[in-house]
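Plus 1324 on top of the position in the sequence shown (first one is 1) and you've got our numbering.
Ideal Cβ positions, reconstructed from N, Cα and C, are used throughout, including at glycine.
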Amino acid sequence: SINLSKMSKFIFNGCVIGDNSFFKELTDRLNLKNLKTLEIDIKVDKTKRINPEIFNGLESATEMKFYTHSNHTFHPKSFMKFDKLSVLELHVYDLMEPPIPTVIFDVLKSLKSLTIISTSNNRKQLQKSLNFSISNFVNLEKFSLCGVRWPLDLQLKLPRILLEIEIKNNQKITNLDENSFKSNEQVEKIDLSNNSITDLHPRVFWNQLQLENIDLSFNKLRNLTEELFAMNKFLEILDLSNNYLNTLGM
């Protein structure tokens, strides 16, 4: 047994795991009671799933970066041991095939920040609908979706209590409809930078009366309607840089 009781960060990258008992065998030899940050990049055998037992001994982590190469490996309770987790950054190879099971987040009641990053470079996918229904969070303050590189119809059902929303670095998101953030009335910052947005519904921000910061930089916007920011009385920062604007209706 090795006493690493002062270690606060554990990084484990680039290995193929074929047995869910692997980490248990590893952490049985370590003392990680003060572990705060966990970064794992593993390839799981296609016949296996990521069961909660794989994380035995790592449960004290409050921040995690997790890289997965196949959504097939997720178990509905994959992260159930992490009841202290407040920050999760999930790098997923393919959000579509199969769809990432959002039920895996239901057990993370302490989660304040959730980032989903697509790492797939597949440009040949047909247009599909991406539904993110994660509205049951109790404490979530920030949600990020990044890296989508194929056409999609984005349907969001996000927690009402969110203070910050990032939908950025998605090359194939071209427009947002009136209901995109309808339930997120408390949000203070929306980052839509580095997408391919050409159109915004005139009332897309109308329910966000507390909005202070909007980043629309590096898109393909050509026109802004007069009513677009009409309800955002507390808006302090608006970034429209690197667009193709012809008219400002403000």
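Coil, strand or helix - residue i by DSSP
i: L1403; result: A small correction: the amino acid at residue 1403 is Phe; Leu does not occupy that position in the sequence shown. Coil.
i: I1458; result: coil
i: E1538; result: According to the sequence displayed, residue 1538 carries Ile and not Glu. Looking at I1538 - three-state DSSP - the assignment turns out to be strand.
i: F1386; result: Note on identity: in this sequence residue 1386 is Thr, with Phe being the wrong assignment. Coil at T1386, not helix or strand.
i: I1297; result: The first residue shown for the chain is 1325 and the last is 1574, placing residue 1297 beyond what the model contains.
i: E1377; result: helix
i: F1529; result: coil
i: T1397; result: helix
i: F1558; result: coil
i: F1429; result: helix
i: F1505; result: coil
i: K1333; result: strand
i: Y1568; result: coil
i: N1358; result: coil
i: K1481; result: strand
i: T1392; result: strand
i: L1419; result: coil
i: L1545; result: coil
i: L1500; result: strand
i: E1550; result: coil
Limits of the beta strand (DSSP E) - the one that residue i falls within
i: V1416; result: V1411 to V1416
i: I1491; result: E1488 to K1492
i: T1522; result: Per DSSP, T1522 belongs to no beta strand (DSSP E) and is neither H nor E.
i: L1562; result: I1561 to D1563
i: T1596; result: Coverage of the chain is limited to positions 1325 through 1574, which leaves residue 1596 absent and any answer about it impossible.
i: F1467; result: K1466 to C1470
i: D1515; result: K1513 to D1515
Residue-chain proximity (residue i, chain D), Cβ-Cβ < 8 Å
i: N1531; result: As a matter of chain content, chain D is missing from the structure shown, which is built from one protein chain.
Given residue i as reference, the closest of the options once Cα atoms are compared
i: P1425; options: E1413, S1402 and S1410; result: S1402
i: L1362; options: L1524, E1488, F1529 and A1385; result: A1385
i: T1397; options: V1462, Y1417 and K1333; result: Y1417
i: Q1532; options: T1549, K1544 and E1502; result: E1502
i: I1335; options: L1356, D1365, K1357 and N1358; result: D1365
i: M1404; options: Y1391, N1547, L1382 and S1442; result: L1382
i: Y1568; options: A1554, L1552 and L1548; result: L1548
i: S1410; options: N1463, P1483 and N1543; result: N1463
i: F1558; options: K1360, I1489, S1468 and Q1510; result: Q1510
> Pairing CB atoms from the segment 1429–1438 with CB atoms from the segment 1489–1497, are three or more of them under 8 Å?
Replying inline: Contact fails: fewer than three Cβ-Cβ distances are below 8 Å.
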